[in-house]
Structures are given as structure tokens and as C-alpha cells.
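Engineer: Dropping the structure in here first, questions after.
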Amino acid sequence: MARTRPKSRPKKATAGAGRRRRPPSPPRVVIVGFGRAGGSLAWGIRKAGWPLTLFPRSGESVRRAVQAGFQLAEHEDLRAADLCFLTVPDTAIGRVTADLKDDLGPKTVLLHCAGALDLSAFGTDPDTVRRTRASFHPLVAISDPQDELAGHAVALAASDRELLPTLWELALALRLRPIEVPEARRSTYHAGAVMSAGLLVALASAAAAAFEEAGIYEDAALGALLPLMRSAIRGVERRGLARGLTGPVARGDVSVVQSHLSGLPAEASDVYRVLSLRSLALVKDRLPAETRNALERLLKG
Ligand SMILES: NC(=O)c1ccc[n+]([C@@H]2O[C@H](COP(=O)([O-])OP(=O)(O)OC[C@H]3O[C@@H](n4cnc5c(N)ncnc54)[C@H](OP(=O)(O)O)[C@@H]3O)[C@@H](O)[C@H]2O)c1
């Protein structure tokens, strides 16, 4: 790591590291990495009043952390930490775990925030595997380190279920709603999360491309489309997926769908077809068989 790292201590994690008692409340937290996820966790944890130190990597991250008034982690902080979050890119989790393993206390729990990864992401070193490991994945699209976590969900997993009350406590302190995800299905779960966040942004870009084709350019397009998207989400919140769905497929209006397909630019029309078939699956029991079949033929054509 670029920042001066605490020197490794010769003593390794003990064999009993995985069997930990509940830490004194509130637990001491170290966050490694100060990017988007690390930043939003840091601001949330500080606001919640839990003892916190940061271990950023680059000089620039150190400067931002100090400027924001965070305390940097010294060797003793890593040693004494109850929870050590690795908020680094998914591909760096194994390497950072190996770099830190002799600096952490024997009972320090390692956590990652990667939605797609199970607990094997920390690697297979025997000392690491004996340590309690956990995942704390906020279901939040964090595009800036100061984005708020409060009001969202968080997926929890732990190698030792005795840790779960502590993770729940942290989630509630951050005003996050905890859910648990089966370890074996993490990729599938994460694909769902990505569809509702990053791919929603991609969908907005296809919608903006359609507006552009109609002569309405990006700023004006987003100014009109974002409130429209929020109104669709409100409909789902209030009435569920099938009853919250609006538009020509929900109304069984074949001619409007036909006119959309002929007016859309090619890349937007592919997205339109796939998602309209998905819409049809949501409402097909409400449509006459003839309309349903006509829509299906048109959209698959
Ligand atoms: N962003 C989201 O919406 C979101 C949501 C939920 C979960 N997550 C998860 O959060 C984790 C971090 O993602 P992010 O979006 O916060 O990424 P990010 O903004 O790119 O931040 C990554 C941070 O890790 C540091 N870093 C990079 N390589 C490192 C290494 N080898 N050793 C130590 N530090 C290293 C970087 O430090 P420097 O800047 O100092 O180089 C940077 O501060 C990932 O597991 C991701 O899946 C992200």
C-alpha cells in the first residue's frame, strides 16, 4: 500500500480467532479504503457515534480523510479493532487481507462490502479462514463518498452466526434495513441488485436516446424523465409490480407498441423489446388472449 503501513507483527492470529465473544458496545471499527463505499460508511459510522479510524491508501485519500476530520488508523487501532472493513475493489480483497493479516488483532472480524462475493473472497490462508469473516453489502448506489446510506437495505453474511447481532446493531445504527442472503446464491442476488441500480441508469440512457431522436436533448430529457421514473417507482411502492405497471403493454395497446418500435433508434429498440416482454409477463392474465398473442408476436418479431 502506498501509505505507510503499520509494521507486521510476528505474532499470528490464534487458532481460536473464529470463536469470538460479542465485543464491548459500540465496537471499534477500522475502514480500509476511502473511496465511495468506504466514505459513505465512514460518514455514517461517525454520525452513529461508533469509534472509528480510517486506513486510506493513496496520499490523496489520506488528505481527503484528514480534511474531513477523520482519525487515521495507527498500528494499535488495527490491533484493537473489533471490525475491519475492506472497502477496496472486489478484486483487491484477497490481496489486502494478506497484506493486513499480521497487523490485525486475533479477534478482529474482517468484513467486505462486495455484493457478488461470498466469504471466500478473503482467501484461503488458514489464519484468515479461522478468523470470523463477514459481508456487509449496502444496497445503495454510492456514486460519491458522501452519499447517505440511511433508509436503504444491507445484506449481511457471517462465517460465525454469533456475529450477526453485532452486524444488525451496526445496520440499525446506520439506519439500514438488514436482510440475509444465502452464500451460494450471491451472484444471482447481486445481478438483481445491479439491475435495479446501475442498469436503471443504463435504461435512463436508452430513454434519453429516444428523447434525443425526438429532438429533446440530455438536460431537458433528464429533467422530464427523472420525475417520470420516480413516479413509476412510487406506483410500485404503493401498488406492487403488476398493479404499478403503466404504459401501452399494460393497456394492451398493440398499435402504440408498433409505432414505438418503428420510431426508436436500433439500440434502444432492443432494450424496449426485452423489457416490454417482461412487462407482458406481469400483466398477461389481465389481457384478452388475442391482444396478448399480438403483442408477443410483435415484440419477438
Ligand atoms: N459504489 C457502490 O455503489 C457500492 C455499493 C455497495 C458495495 N460496494 C462495494 O464496495 C467496495 C468498494 O467499492 P467502491 O465503489 O467504494 O470503490 P472505489 O470508489 O473505487 O474505492 C475503492 C477504494 O479502495 C482503495 N484501493 C484500491 N485498491 C487498493 C488496494 N490494492 N489496497 C488498498 N486500497 C485499495 C482506493 O484507494 P485510493 O483511492 O486511495 O487509491 C479507493 O479508495 C467494493 O467491494 C464494492 O463492490 C460499492
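Going by the working numbering, the first residue of the sequence shown is number 11, and it counts up by one from there. Using N, Cα and C, we set each Cβ at its ideal position, and we do this for glycine too. No experiment lies behind these values; they were computed from the predicted model shown.
#1: Excluding the 5 residues preceding and the 5 following Ile-189 in the sequence, name in chain order all residues of the same chain whose CB lies nearer than 6 Å to its CB.
#2: Just list the residues that DSSP pairs Phe-95 with in beta bridges.
#3: On the three-state DSSP scale, how would you describe Leu-184?
#4: How about Phe-44: is its Cβ closer than 7 Å to a heavy atom in ligand 1?
#5: Which same chain residues, not among the five before or five after Ser-2, have their C-beta less than 8 Å away from its C-beta?
#6: Report whether the distance from the Cβ of Ala-234 to the nearest heavy atom of ligand 1 is below 7 Å.
#7: Ligand 1 and Gly-125: does any heavy atom of the ligand fall closer than 7 Å to the residue's C-beta?
#8: Buried or exposed: which applies to Ala-194, given that a residue is buried once 16 or more other Cβ atoms fall within 10 Å of its Cβ?
#9: Report the rounded CA-to-CA distance for Val-47 versus Arg-56, giving the unit in angstroms.
#10: Just the C-alpha distance for Asp-128 and Ile-226, rounded to the nearest angstrom, thanks.
#11: Please determine, among Val-267, Asp-263, Gly-250, the residue with the shortest C-alpha to C-alpha distance to Ser-298.
#12: Within 7 Å: the Cβ of Arg-296 and any heavy atom of ligand 1?
#13: Can you have a look at Leu-251 and say buried or exposed, based on whether 16 or more other CB atoms are within 10 angstroms of its CB?
#14: Quick one: Cα of His-85 to Cα of Gln-156, how far?
#15: Tell me the DSSP secondary structure of Phe-80 in three-state form.
#16: Quick one: residues in its chain with C-beta nearer than 7 Å to the C-beta of Arg-31, no 5 flanking neighbours on either side, listed in chain order?
#17: Report the residue ranges of all beta strand (DSSP E) runs contained in full by the stretch 152-210; include only those spanning at least 3 residues, in chain order.
#18: Between the Cα of Arg-171 and those of Val-119, Val-293, Arg-187, spot the shortest distance and give me the residue it belongs to.
#19: Report the partner residues of Phe-146 according to the DSSP bridge assignment.
#20: Helix, strand or coil, according to DSSP, for Thr-134 in the structure here?
#21: Just verifying my parser: in three-state terms, what is the DSSP assignment at Leu-255?
#22: Does the beta carbon of Ile-152 fall short of 7 Å from some heavy atom of ligand 1?
#23: So what's Leu-285 in DSSP terms, helix, strand or just coil?
#24: Would you say the beta carbon of Arg-67 comes nearer than 7 Å to a heavy atom of ligand 1?
#25: Run through DSSP, which three-state label would Leu-235 get?
#26: Just to confirm the assignment, what range does the alpha helix (DSSP H) spanning Thr-301 have?
#27: In the DSSP output, what is Thr-63 paired with across the bridge?
#28: Determine whether the beta carbon atoms of Ile-152 and Ala-124 lie at a separation below 8 Å.
#29: In whole angstroms, what is the alpha-carbon distance linking Gly-311 and Ser-279?
Structural biologist: The answer reads as follows:
#1: Excluding residues within five positions, the ones whose Cβ falls inside 6 Å are Ala-163, Ala-165.
#2: DSSP output for Phe-95 lists Ile-41, Leu-121 as bridge partner(s).
#3: Coil at Leu-184, not helix or strand.
#4: Correct: Phe-44 has its Cβ closer than 7 Å to ligand 1.
#5: Here the chain covers residues 11 to 311 and nothing more, so residue 2 does not appear.
#6: Ligand 1 never approaches Ala-234 closely enough for any of its heavy atoms to be under 7 Å from the residue's Cβ.
#7: Closer than 7 Å to some heavy atom of ligand 1: that describes the Cβ of Gly-125.
#8: With fewer than 16 other CB atoms across the displayed protein chains lying within 10 angstroms of its CB, Ala-194 is exposed.
#9: The sequence shown places Ala at residue 47, not Val. The straight-line gap from Cα to Cα measures roughly 14 Å.
#10: In this structure, the CA atom of Asp-128 is about 44 Å from the CA atom of Ile-226.
#11: A quick correction: the sequence has Pro, not Ser, at residue 298. Ranking Val-267, Asp-263, Gly-250 by Cα distance to Pro-298 puts Asp-263 first.
#12: Arg-296 Cβ: outside cutoff for every heavy atom of ligand 1.
#13: If you draw a 10 Å sphere on the C-beta of Leu-251, you find fewer than 16 other C-beta atoms in it, and that means exposed.
#14: Roughly 26 Å between the two C-alpha positions.
#15: DSSP, reduced to helix, strand and coil, places Phe-80 outside both helices and strands of the structure shown, so it counts as coil.
#16: Only weak support exists for where Arg-31 lies, its pLDDT of 48 falling under 50; the coordinates are left without a value.
#17: Within the stretch 152-210, the runs of beta strand (DSSP E) at least 3 residues long that lie entirely inside it are, in chain order, 163-168, 187-190.
#18: With distances taken between CA atoms, Arg-171 lies nearest to Val-119 out of Val-119, Val-293, Arg-187.
#19: Answer is Leu-166.
#20: Coil.
#21: In the three-state reduction of the DSSP assignment, Leu-255 falls in the coil class, being assigned neither a helical nor a strand state.
#22: Yes; taking the cut-off as 7 Å, the Cβ of Ile-152 has a heavy atom of ligand 1 nearer than that.
#23: Residue state, collapsed to three classes: helix.
#24: For Arg-67, the CB falls within less than 7 Å of some heavy atom of ligand 1.
#25: DSSP places Leu-235 in helix when its eight states are reduced to three.
#26: Start and end: 299-310.
#27: Beta-bridge pairing by DSSP links Thr-63 to Val-40.
#28: No, Cβ-Cβ distance for Ile-152 and Ala-124 is not below 8 Å.
#29: Distance between the alpha carbons of Gly-311 and Ser-279 is about 12 Å.
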